[in-house]
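Worksheet for the structure shown next.
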Amino acid sequence: FGNGMLLSQKIRLLAAFDHRDIFIDPDPDPAKSFAERKRLFELPRSSWKDYNPKLIAKGGGVFSRADKAIPVSAEMKALLGLSGKTATPQDVMKAILSAKADLLWFGGIGTYVRSPQETDDQVGDRANDAIRISTDDLRVTAVGEGANLGMTQLARIAFARKDGRVNSDAIDNSAGVNSSDLEVNIKIALGTVVRAGELTIPERNKFLASMTEDVAGLCLRNNYLQTLALSLDERRARQNLGFAQRLMRGLEKRGKLDRDVENLPSDAQIADMAARGIGLTRPETAVLLAYAKIDLYESLLASSIPDDPYLGRELGRYFPPALSKKYPDAIANHRLRREIIATMLSNSMINRGGPTFLARVRDETGASVDEISGAFALARDGFQMTALNTELDKLDNMIGGRLQLELYAEIEDLLTASVVWFLRNEDTTGGLADKVAHFQKGIETIARALDKLLPPAFRNMVERRREQLVSGGLPAPLAGHIAGLLFLSRAPDIIRVADDTGASLLAAAETFYAIGEMFSIGPLIRQAQDLRLDDYYERIALSRTIDAMSVAQRRITARLVQGGGKGAAAIEKWQASHGTVIARVRSALEELNQSELTVAKLAVAAGLFADLARD
-11 FGNGMLLSQK IRLLAAFDHR DIFIDPDPDP AKSFAERKRL FELPRSSWKD YNPKLIAKGG
49 GVFSRADKAI PVSAEMKALL GLSGKTATPQ DVMKAILSAK ADLLWFGGIG TYVRSPQETD
109 DQVGDRANDA IRISTDDLRV TAVGEGANLG MTQLARIAFA RKDGRVNSDA IDNSAGVNSS
169 DLEVNIKIAL GTVVRAGELT IPERNKFLAS MTEDVAGLCL RNNYLQTLAL SLDERRARQN
229 LGFAQRLMRG LEKRGKLDRD VENLPSDAQI ADMAARGIGL TRPETAVLLA YAKIDLYESL
289 LASSIPDDPY LGRELGRYFP PALSKKYPDA IANHRLRREI IATMLSNSMI NRGGPTFLAR
349 VRDETGASVD EISGAFALAR DGFQMTALNT ELDKLDNMIG GRLQLELYAE IEDLLTASVV
409 WFLRNEDTTG GLADKVAHFQ KGIETIARAL DKLLPPAFRN MVERRREQLV SGGLPAPLAG
469 HIAGLLFLSR APDIIRVADD TGASLLAAAE TFYAIGEMFS IGPLIRQAQD LRLDDYYERI
529 ALSRTIDAMS VAQRRITARL VQGGGKGAAA IEKWQASHGT VIARVRSALE ELNQSELTVA
589 KLAVAAGLFA DLARD
């Protein structure tokens, strides 16, 4: 009666078995079934034999695994596909595992599903050889696990290839590990308080008990973010295959990964996958997620990043609010301070950027872990993405899952693009507090005035997107914020222009956006970002080309605002002196916007625009 099955009162539990008994309820009443299972869960000792038989639908019952034969009712035949008047307990359990249902839930010991290419001997769980099934016979929509090793990893991969919904068991069970770590670190913090005489042991124990729900919430939060990261990566598995390969090669080179042991594809298999237009499955990505976090954590711990005063706030995010508020010094001086900061930062970077985030950014910029981590903090906090993602979290089960993932992906794209921008344009290795404050203030200023700063065509684009999101179920303020991200994402460029020229931020913004409208730069970049590129080098080339266009737009903006003008008036003056060349570039860019975009075409456009910036 694992508590995983007690998290919803809507579950229709059709069948179950443990090491003693087999339970079958062909047509359960969810409310009555839930109440009865909860009653049994709360007993000091119980088994399926204690389930009230009057609550079981016709044709069902509780049967002992020790029975020689189990009578098969018409209802059991319909539910489990059994034939004959009786069946052995092994046949019934095998039929339960093979039954068509929404969810197969593992809550106990044993490996019950293997892949078609594996033998029972290879699985290494003889106790369940008689009932184990192949994924060829698995007919559920999703698999969940409150146990370990319910399926082999190859079975998970095979099931996922059939569009089955499944994680690795480590992902489904990570809250237990998280809670143990958090409990230990809380006790270390409170230990210093006890030794200082500020708290007695009984008082400490009472305080610990009072934080139970907060600790559970923090652990489940990490589970939520990990599975969200997998869902986002799953959407782009094909496009991310090259970056995943780069990540695996890097880990192998440093002796941190054995692909054979982890059942990850070889380079030859990846080439075949690319040719077939498929990417890694969710269980494979789950393994890479774990390796990416461990590798990043170790790199962070060996760097100076955990010592940056700004990142000390990660400690406050790790511990329950009551502890942070009551004993801030105990947290600030925690003896595992650096380890906790490295853990929080690596979790945040990989959960929000995906398993290949570091490999992707490294390849695009050549930056070190220190530099990338600083740029991540600048991008995340400069754009206040944590708060924005939290607003999206609140829409669980209120808007369509497809739309919600699409919006998370937009924020992930903004994060990655902004990290790359900061790496190319700022020193991200120190003094983060001042830099975050500077960019956060600038981005907020532009966001508040965005409607007035944007030219009519861009304003209409934002309004259409806002209306679309509102019709999808988003609250109007959140819809407006997300709709404006296409143009707000350019805020760092605008802030840089204002910093370099001494012009007012709003004048720089108005001019920057006016140039963007004149040459349709925003829509062109959005179209470029939406290109589905499977080739690793094409994606790197695309990123560099987009950056070249941004640099050119920034240079033109700087030249115009230095002349004392702003917005449309400044552009009019510029056109008067550069009309011919401007017309030629505009014509070329308009032609691009109206045709199917490729990296080569975009590179030509970027070259023309860069030439214009130099004139």
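Each residue of the sequence shown is one higher than the last, beginning at -11 in our numbering.
Don't be surprised by glycine CBs; every beta carbon is placed ideally from N, CA and C.
From this set, the options, which residue's C-alpha is nearest residue i's C-alpha?
i	options	result
Asp151	Gly96, Val592, Arg223, Glu302	Arg223
Ala529	Leu252, Thr353, Met139, Leu438	Thr353
Gln233	Asp248, Ser254, Gln550	Ser254
Lys42	Asp15, Ala148, Ile559, Asp55	Asp15
Gly112	Leu311, Thr123, Tyr100	Tyr100
Asp535	Ile84, Ile319, Gly510	Gly510
Asp6	Arg547, Lys26, Val50	Val50
Arg542	His566, Arg572, Arg454, Asn413	Asn413
Tyr285	Arg350, Val357, Arg264, Leu311	Val357
Gly48	Pro480, Ser61, Val80	Ser61
Arg264	Arg149, Leu493, Arg478, Asp487	Arg149
Thr200	Leu216, Ile174, Gly179, Gly96	Ile174
Thr123	Thr489, Arg114, Gly362, Lys88	Lys88
Arg484	Leu(-6), Lys429, Tyr525, Arg514	Lys429
Met537	Ala495, Ala594, Asp487, Glu505	Ala594
Gly552	Thr568, Gly(-8), Thr489	Thr489
Thr568	Arg547, Arg127, Asp603, Lys589	Asp603
Ala546	Ile470, Asp487, Ala66	Asp487
Ala290	Asp260, Ala66, Met261, Glu327	Glu327
Leu137	Gly388, Gly95, Ala557	Gly95
How many angstroms separate the CA atom of residue i from the CA atom of residue j?
i	j	result
Leu441	Ile338	34 Å
Leu512	Asn581	6 Å
Asp160	Ile431	38 Å
Met139	Thr273	16 Å
Arg305	His426	22 Å
Thr269	Ala347	19 Å
Leu28	Ser35	8 Å
Leu457	Glu400	18 Å
Leu395	Thr331	26 Å
Gln622	Asp90	Within the shown structure, residues of the chain are numbered from -11 to 603, placing residue 622 beyond reach of any answer.
Ile58	Ala75	5 Å
Phe597	Thr533	11 Å
Arg561	Ala310	At residue 561 the sequence reads Lys, which differs from the Arg that was named. Near 60 Å, if we compare the C-alpha coordinates of Ala310 and Lys561.
Leu92	Asp38	23 Å
Arg342	Leu218	One point to set straight first is that residue 342 is Gly, not Arg, in the sequence displayed. Computed Cα separation, rounded: 7 Å.
Glu359	Leu366	11 Å
Gly238	Ala225	19 Å
Glu584	Glu578	12 Å
Ile570	Gln563	7 Å
Ser575	Leu493	30 Å
Lys194	Leu208	23 Å
Lys423	Phe410	11 Å
Ala640	Ile258	Residue 640 is absent from the structure shown; the chain starts at -11 and stops at 603.
Glu133	Asp157	6 Å
Thr433	Arg301	24 Å
Thr374	Ala405	16 Å
Asn321	Glu30	41 Å
Excluding five sequence neighbours on each side, which residues of the same chain lie with their C-beta closer than 6 Å to the C-beta of residue i?
i	result
Leu391	Gly460
Arg144	Val154, Pro271
Ala491	Val549
Ile119	Gln78, Met81, Lys82
Ala540	Phe597, Ala598, Ala601
Gly472	Leu438, Val450
Beta-carbon within less than 7 Å of residue i's beta-carbon, same chain only, minus the 5 sequence neighbours each way: which residues are those?
i	result
Leu206	Leu170, Pro308
Asp55	Pro77
Gly555	Glu498, Thr499, Ala502
My understanding is that residue i touches residue j, with C-beta atoms under 8 Å, so please give their C-beta distance in whole angstroms.
i	j	result
Leu438	Leu476	6 Å
Phe371	Val407	Incorrect: roughly 11 Å between the Cβ atoms, too far for contact.
Ser334	Leu288	6 Å
Asp125	Ser167	Actually they do not touch by this definition, with Cβ atoms about 35 Å apart.
Ala3	Ile12	5 Å
Pro297	Ala177	About 19 Å separates the two Cβ atoms, so there is no contact after all.
Arg53	Asp117	Between Asp117 and Arg53 the Cβ distance is about 15 Å, and since that is not below 8 Å, they are no contact.
Glu379	Leu466	5 Å
Tell me which same chain residues have a C-beta within less than 8 Å of the C-beta of residue i, skipping the five on either side of it?
i	result
Pro18	Gln(-3), Lys(-2), Ile(-1), Arg0
Thr344	Asp221, Asn228, Phe231, Ala232, Arg234, Leu235, Leu276, Ala280
Bridge partners of residue i, per DSSP?
i	result
Pro253	DSSP, once it has assigned bridges, lists no residue as partnering Pro253.
Glu133	Phe94
Ile10	Phe5, Phe51
Ile121	Val101
Val128	Ala89
Looking at chain B, is there any beta carbon in it that lies within less than 9 Å of the beta carbon of residue i?
i	result
Leu187	Within the model displayed, chain B is absent; a lone protein chain is all it includes.
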